[in-house]
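All remarks here apply to the structure that follows.
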Amino acid sequence: MSRRLRLPLRRILQFVAGLIAGTLLWMWLAEPYNVLLARLTQPLVHIDARLRDAQLVARGDRIDVVSSTGTLPPGNIPAVQLTFNVILLIALFASNKRPFSDRNARAFALSLLVVLLLHPVGAWIAVESTYATRAGEWSDAHYGAASSSIWLMAELFWRLTGMFGVAFGCWWVSGEH
21 MSRRLRLPLR RILQFVAGLI AGTLLWMWLA EPYNVLLARL TQPLVHIDAR
71 LRDAQLVARG DRIDVVSSTG TLPPGNIPAV QLTFNVILLI ALFASNKRPF
121 SDRNARAFAL SLLVVLLLHP VGAWIAVEST YATRAGEWSD AHYGAASSSI
171 WLMAELFWRL TGMFGVAFGC WWVSGEH
């Protein structure tokens, strides 16, 4: 096998190994991380006066939204769907030419910090979108058509493009590939 073929094959295998390691790590840490994610997202949710009674409670792979006064309908956010970009980040950095170099480790740590700091923002967007579009009459009474659409588009953008784009962007900017 030529060197030109071996190098991409090696990087593909490193990516797959990173994907497997990232998935196992994420599965092991997801539930305890969701507790932290709920705590970090709580202040963001309270920015919106309509949701000031919302209490975020991590339960397994989701975050439930409960009302301390009964004024909000119950809601739940699939937290694991908002955090699995960590798996992609681990796989991308594992596929770098020198995955165990100090420079790659520093770039990965900084990138992981960026990704983790954006998770509460993604969860906040999901909570707002849930109450703007999926809480029936409560949504209609508290959100207008424009704000409902904005929150829904924000959630769709984050889930389909943003959270993966952040992982790819951090990896690309690191210049280690």
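Heads up, the sequence shown is in the numbering used here, so the first residue is 21 and it goes up one at a time.
Ideal Cβ positions, reconstructed from N, Cα and C, are used throughout, including at glycine.
Residue environment for A74: buried (at least 16 other C-beta atoms within 10 angstroms of its C-beta). Setting aside the 5 residues that flank it on each side, W46 is surrounded in the same chain by F104, V106 and I107, each with a C-beta closer than 7 angstroms to its C-beta; the list follows chain order. In this structure, P119 sits near Q34, with a CB-CB distance shorter than 8 angstroms. Ranking W144, Y163, G164 and N116 by CA distance to the CA of N96 puts W144 first. Here the region 181-196 makes contact with the region 128-136; the two share three or more CB pairs at distances below 8 angstroms. The beta carbon of P93 sits closer than 6 angstroms to the beta carbons of A155 and W158 from its chain, once the five residues preceding and following it are set aside; these are given in chain order. By the criterion of at least three beta-carbon pairs nearer than 8 angstroms, the region 78-89 is in contact with the region 48-55. Taken through DSSP and simplified to helix, strand or coil, I67 comes out as coil. Annotation for T43: I107 place their beta carbon closer than 7 angstroms to its own, counting only its chain and skipping 5 residues before and after. Bridge partners of R79 according to DSSP: R82.
For A146, the closest alpha carbon among the candidates L39, M183 and S194 is that of M183.
If only uninterrupted alpha helix (DSSP H) runs of at least 4 residues are considered, those enclosed by the region 136-165 are 157-162. The DSSP-derived three-state label of S88 is coil.
Here A152 is near L172, since their CB atoms are less than 8 angstroms apart. Under the three-state reduction of DSSP, G95 is assigned to strand.
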